[in-house]
Amino acid sequence: MATDIVKNTSKSMIGARFGAVNIENKPDTTWNRTLWLSHRDLCSFISKALEAPLNITGIYFVMSNNHRL
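Written as structure tokens, this is what we have:
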């Protein structure tokens with residue numbers, strides 16, 4: 004739906020799916036370690052999304068630079 008709005012108007016949008024985030028700010032399982040998103044990286048993405056030029060549109064899967072297991 005958002006893609007149609009962007010195509011048919013001059014609106015911009017940034018969509019995000021966040022990786023594994025928890026209150027402890029550390030991966031607790033092997034699965035979460037592969038998708039880990041630290042609080043610092045989450046805040047960095049949000050700041051950059053809010054500061055992005057108005058003509059930017061995209062959908063992003065946000066996670067930290069994790070090592071493969």
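Quick note on this note's numbering: the sequence shown kicks off at 4 and runs consecutively.
Ideal Cβ positions, reconstructed from N, Cα and C, are used throughout, including at glycine.
Fair warning: this is a prediction, and the values are worked out from it, not measured in the lab.
- Per the coordinates, the alpha-carbon of T37 lies some 18 Å from the alpha-carbon of A19.
- In this structure, L40 and G22 form a Cβ contact; the two beta carbons are roughly 4 Å apart against a cut-off of 8 Å.
- Cβ-Cβ distances below 8 Å link N28 to S41 and H42 in the same chain, with the five nearest sequence neighbours on each side left out; the list follows chain order.
- Residue burial is scored here from C-beta neighbours: P30 has at least 16 other C-beta atoms within 10 angstroms and is therefore classed as buried.
- If you look at I26, you'll find it isn't in any alpha helix (DSSP H); DSSP assigns it neither H nor E.
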